[in-house]
Amino acid sequence: MLRAELWNLNSPVWIVAAVMMINYMLLFRPINVKRMLAILSAIALIVLVFISPVGVLADGYLFSAHMVQHLVLLLLVPLLILISLPSERFQRLRTSGILRGNATPIIGWICGIGAMWLWHIPSLCSAATESTGIGLLRDASLVAAGLAFWWPVFSPRQEQRLDPLAGIVYLFSACLGCTLLGVYITFTTISVCPAFTNPTDRINIVGHLYDLGLTPTVDQHLGGLLMWVPPCMLYLSVILFLLSRWYSTMDDRLSLLPQRPVQAGSQL
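In this note's numbering, the protein residues as written are -6 to 261.
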């Protein structure tokens, strides 16, 4: 049974969740069930990665838990937020500078992949783990970078979405970027986040973690594998979705082509 200390039920993330939910319900009426499920899932994930044992252990104890938290904030939460946005509302908006910037694939790619590389520079990673203010900046930047990354694929504005084949290249190259970072974290002998090598044991859990084999070295290897495999699995799933979208649009185009009349005597 999980210890009570491994749950941070007093986290201010509840306020963030409430603000997100209230604003969504005020801005995007009438409520669509599918879109509501998407935003509820995004909010639930945000709450879980901060109040659950993942959030507690990510706060200076386990680098692997820190990696799970960051992947959720960078990849899953922004994806669900974009899916929750009503396309008809955004189609009526004038294209602002921010929307035009988000629609530029190279900017989205650099934001999405660059954020993970940036925050795993050892000095920055440790500073964000040890400082509440820098940690909040890091978490907010991960969500923002994730929104920029997914925008060219799942933008609520149809004209800003990448062509399916271009989207496949976009996601495959992102998989390569995550793979390189994951391989580096997994096999390097350097501590990627020194704050996790000698954690301050505020809840008397470090000895139990080491008994389970989660030493700092093993923990970093596990974190590297998490950076490497799950993102590419997600990208592969979206690539398959884009392929199905591409085939469906091809079928629609073929159905619009004029059909040649069959001439008498042309068939045996």
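For each residue, glycine too, the CB sits at the ideal point set by N, CA and C.
Self-check item: Nearest candidate by alpha-carbon position, reference residue 112, set 64, 142 and 143
Solution: 64
Exercise. Compute the Euclidean distance between the alpha carbons of residue 189 and residue 209, then round it to the nearest angstrom.
Key: 7 Å
Self-check item: Three-state class that DSSP yields for residue 131 in the structure shown
Solution: helix
Self-check item: For residue 138 and residue 104, believed in contact at Cβ under 8 Å, the rounded distance
Solution: 4 Å
Practice problem: Throw me the rounded Cβ distance for the residue 108 and residue 67 pair, which I believe falls under 8 Å. | Solution: 6 Å
Practice problem: Check the C-beta distance from residue 262 over to residue 21 and give it rounded, since I have them as a contact under 8 Å. | Solution: In this structure the chain extends from -6 to 261, so residue 262 is not present and cannot be described.
Quiz prompt | Contact check, residue -1 vs residue 49, beta carbons under 9 Å | solution = yes
Self-check item: Simplified DSSP state of residue 201, which is helix, strand or coil
Solution: helix
Exercise. Could you check how far apart the C-beta atoms of residue 39 and residue 6 are, in whole angstroms? I think they sit under 8 Å.
Key: 6 Å
Exercise. Apply the 10 Å Cβ neighbour rule to residue 12 and answer buried if 16 or more other Cβ atoms are within range, or exposed otherwise.
Key: exposed
Practice problem: Could you spell out the range, first to last residue, of the alpha helix (DSSP H) harbouring residue 67? | Solution: Here residue 67 belongs to no alpha helix (DSSP H), and DSSP marks it neither H nor E.
Self-check item: N- and C-terminal bounds of the alpha helix (DSSP H) containing residue 329
Solution: Nothing about residue 329 can be reported from this structure: the residues present for the chain run from -6 to 261 only.
Quiz prompt | C-alpha distance - residue 29 paired with residue 14, whole-angstrom precision | solution = 10 Å
Quiz prompt | 3-residue-minimum beta strand (DSSP E) runs that sit fully inside the region 33 to 57, ordered along the chain | solution = none
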